[in-house]
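Following: one structure in structure tokens, then a few remarks.
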Amino acid sequence: MQGVEHIPLLELQGGSQRLVHLCTSTGKISLVAPTYYITQNGDLLDGIEGLQIICQLTPGTETPAETLRGAPVRDGRLWSRYLDESITLFGDKTDVVFASHHWPTWNDDENLVLQFSSEHRDYYAYLHNESLQQINDGQTPLEIAENIQMPPNLSAKTHLQGYYGSINHNVKGVYDKYTGWFNGNPAYLWPLPPTDEAT
Numbered sequence: 001m002q003g004v005e006h007i008p009l010l011e012l013q014g015g016s017q018r019l020v021h022l023c024t025s026t027g028k029i030s031l032v033a034p035t036y037y038i039t040q041n042g043d044l045l046d047g048i049e050g051l052q053i054i055c056q057l058t059p060g061t062e063t064p065a066e067t068l069r070g071a072p073v074r075d076g077r078l079w080s081r082y083l084d085e086s087i088t089l090f091g092d093k094t095d096v097v098f099a100s101h102h103w104p105t106w107n108d109d110e111n112l113v114l115q116f117s118s119e120h121r122d123y124y125a126y127l128h129n130e131s132l133q134q135i136n137d138g139q140t141p142l143e144i145a146e147n148i149q150m151p152p153n154l155s156a157k158t159h160l161q162g163y164y165g166s167i168n169h170n171v172k173g174v175y176d177k178y179t180g181w182f183n184g185n186p187a188y189l190w191p192l193p194p195t196d197e198a199t
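Quick note: the sequence shown uses UniProt numbering, first residue 1, plus one each step.
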């Protein structure tokens, strides 16, 4: 591959890898396929450059709820389970947590990292389970989005506010994941295009 010779080659357990900044492509593919795969939770034996790395597999997560840009809906149930697993694996060993769209949370005497992770776990589990309960009660996605209320112990937390997405959007994602886009109203099975509907 041309143009990557200047990027350091990392040696990983007998394999090697070049880490290349990915950006909008203007030509050839800019990623060298990995030569070592993580297939289970646990240590990367030798680590990287002397740093011990402990891996946790979390397939099917990526983001916890509906994305408005058209990406597939992810599973909040899995997120809560993997967060619980993370707490078990790393909870008493963690000094700082970096969460997407949030500033770092540092551990202190009150064990803020454990609290932060536990509250996120409980948030995703509640959002998932309460959405399913309301689906089973026959609610539509719009009704669920308007009716669902987080418990006071979670709704008051700054780090659980909808500064990236919202409960309203996320419960619609849970609905879509389990039942698809159809809301149960036959008028929406084959709706008119907006122009035809307006005339």
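Note that CB positions come from ideal geometry on N, CA and C, so glycine has one too. Computed from a predicted structure; not experimentally measured.
For a test of the three-state rule: what should DSSP assign to residue i, helix, strand or coil?
{"i": "Gly42", "result": "strand"}
{"i": "Tyr188", "result": "helix"}
{"i": "Trp181", "result": "coil"}
{"i": "Val32", "result": "coil"}
{"i": "Tyr173", "result": "Checking the displayed sequence, the identity of residue 173 turns out to be Gly instead of Tyr. Correct three-state label for Gly173: helix."}
The beta strand (DSSP E) with residue i in it runs from where to where?
{"i": "Ile53", "result": "51–55"}
Which two residues bound the contiguous alpha helix (DSSP H) that contains residue i?
{"i": "Gly76", "result": "76–90"}
{"i": "Gln134", "result": "112–136"}
{"i": "Ala156", "result": "Neither: Ala156 is in no alpha helix (DSSP H) and is coded neither H nor E."}
{"i": "Ala198", "result": "194–198"}
{"i": "Pro104", "result": "Where Pro104 is concerned, there is no enclosing alpha helix (DSSP H), given that its DSSP letter is neither H nor E."}
{"i": "Leu142", "result": "141–147"}
So the candidates are the options; which of them puts its Cα closest to the Cα of residue i?
{"i": "Arg81", "options": "Asp46, Ala125, Tyr175", "result": "Ala125"}
{"i": "Ile135", "options": "Lys157, Ser117, Gly184", "result": "Gly184"}
{"i": "Gln178", "options": "Pro193, Leu160, Ser131", "result": "Here residue 178 turns out to be Tyr, not Gln, going by the sequence shown. When each option's Cα is compared against that of Tyr178, the closest is Ser131."}
{"i": "Trp79", "options": "Tyr163, Gly180, Asp122", "result": "Asp122"}
{"i": "Gly180", "options": "Pro72, Thr199, Tyr37", "result": "Pro72"}
{"i": "Leu59", "options": "Gly47, Trp106, Thr94, Leu83", "result": "At residue 59 the sequence reads Pro, which differs from the Leu that was named. For the residues Gly47, Trp106, Thr94, Leu83, the minimum Cα distance to Pro59 belongs to Leu83."}
{"i": "Thr39", "options": "Asp46, Ser100, Cys55, Gln161", "result": "Cys55"}
{"i": "Gly91", "options": "Ala99, Asn107, Trp103", "result": "Asn107"}
{"i": "Glu85", "options": "Ala99, Gly165, Ser118", "result": "Ser118"}
{"i": "Gly162", "options": "Ile53, His101, Asp137, Tyr37", "result": "His101"}
{"i": "Trp103", "options": "Thr195, Leu160, Ser166", "result": "Leu160"}
My understanding is that residue i touches residue j, with C-beta atoms under 8 Å, so please give their C-beta distance in whole angstroms.
{"i": "Val97", "j": "Phe116", "result": "6 Å"}
{"i": "Tyr188", "j": "Pro141", "result": "The pair is not a contact, with the Cβ atoms about 11 Å apart (cut-off 8 Å)."}
{"i": "Gly76", "j": "His120", "result": "Not confirmed; about 11 Å, so no contact."}
{"i": "Val113", "j": "Thr94", "result": "5 Å"}
{"i": "residue 229", "j": "Asn41", "result": "Only positions 1 to 199 of the chain appear in this structure, which leaves residue 229 out of reach."}
Please decide whether residue i counts as near chain D, where near means a Cβ-Cβ distance under 8 Å.
{"i": "Pro194", "result": "No chain D appears in the structure shown, which is made up of a single protein chain."}
Let me check you understand the geometry: is the CB of residue i closer than 7 Å to at least one non-hydrogen atom of the ligand ATP?
{"i": "Val32", "result": "Absence of the ligand ATP is noted for the structure shown, with no ligands found whatsoever."}
Between the region 163–181 and the region 140–147, are three or more C-beta pairs nearer than 8 Å?
yes
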